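Student: Sharing a structure below in structure tokens format, with a few things to ask.
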Amino acid sequence: MMRKTLIAFSIAAVLGAGAASAAAQDANTPSPPRHGERMAKLDTNKDGRISAEEAKADPKFAEHFARMDANKDGSVDRADGELRMKQRHDAWFANADTNKDGQLSKAEFDAAKPDRSMHGGRHEGKGMRDRRGGPGAPPSAGEAPAARP
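Heads up: the sequence shown runs through residues -22 to -1, 1 to 127, numbered per mature numbering (1 follows the signal peptide of the UniProt record, and there is no 0).
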């Protein structure tokens, strides 16, 4: 019995040391700047918008500036992000609404579920909820299909 306890503690100590080492390495590795931090850095005049001139400070951002300026007002701001998200949602809905009645039946919703392009395809289960209910959930049996927002 004592030997099993000693082995268990030894294994726990080795695993704990490995986790601590990995955490120390992660703490020393600089993380890439978050989107908000990147935007704030580019927004040199602090007006909440990135102009084409400000975008030149980041060649990768400048390369995508025209696409990111969704409302074509000559700058990139929160409104552009919201508009792009709405455009992606509308495109996903239009694709899922195969009979073009402005509503999604359970069958249409289920058929469209594998197409996660609206959510980047990486976050299974995030953003849209499953059959337990909530935003994005398919209608329950006997429930009318969701109307298009």
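Even glycine gets a Cβ: it sits at the ideal position worked out from N, Cα and C.
Since the model is a prediction, treat every value here as computed from it, not as a measurement.
Using the Cβ count rule (16 or more neighbours within 10 Å means buried), how would you classify residue 27?
Tutor: Flag for residue 27 reads buried.
Student: For residue 47, count neighbouring C-beta atoms within 10 Å of its own C-beta (all shown protein chains included) and say buried if the count is 16 or more, exposed if not.
Tutor: Residue 47 comes out buried.
Student: Could you check whether the segment 29 to 42 touches the segment 60 to 79, counting it as contact only if at least three pairs of C-beta atoms, one from each stretch, sit closer than 8 Å?
Tutor: They do not touch, by the three-pair rule.
Student: From residue 72 to residue 64, what distance separates their C-alpha atoms?
Tutor: The alpha-carbon atoms of residue 72 and residue 64 are separated by roughly 12 Å.
Student: Distance check for residue 35 and residue 19, CA to CA, integer angstroms please.
Tutor: About 9 Å.
Student: From residue 91 to residue 82, what distance separates their C-alpha atoms?
Tutor: Rounded to the nearest angstrom, the two C-alpha atoms are 12 Å apart.
Student: In the segment 60 to 90, which residue ranges form an unbroken alpha helix (DSSP H) of at least 4 residues, counting only runs that do not cross its ends?
Tutor: 84 to 90, all fully within the segment 60 to 90.
Student: Return the chain-ordered list of same chain residues with a C-beta closer than 7 Å to the C-beta of residue 57, the five sequence neighbours on each side being excluded.
Tutor: Once the five neighbours on either side are set aside, the close Cβ partners of residue 57 are 49.
Student: Who are the near neighbours of residue 53 in its chain, counting only those whose CB is closer than 8 Å to its CB and skipping five residues on each side?
Tutor: Correct list, in chain order: 27, 28, 29, 30 and 47.
Student: For residue 32, which residues in the same chain have their Cβ closer than 8 Å to its Cβ, ignoring the five residues on either side in sequence?
Tutor: These residues qualify, in order along the chain: 20, 21, 22 and 23.
Student: Could you give the C-beta distance for residue 76 and residue 86, rounded to a whole number, given that I count them as a contact under 8 Å?
Tutor: The Cβ separation is near 6 Å, so the contact holds.
Student: Quick one: what does DSSP say residue 27 is sitting in, helix, strand or coil?
Tutor: Residue 27 falls in the coil class under three-state DSSP.
Student: Specify, as a first and last residue, the run of the alpha helix (DSSP H) that residue 50 falls within.
Tutor: Run containing residue 50: none; DSSP gives neither H nor E here.
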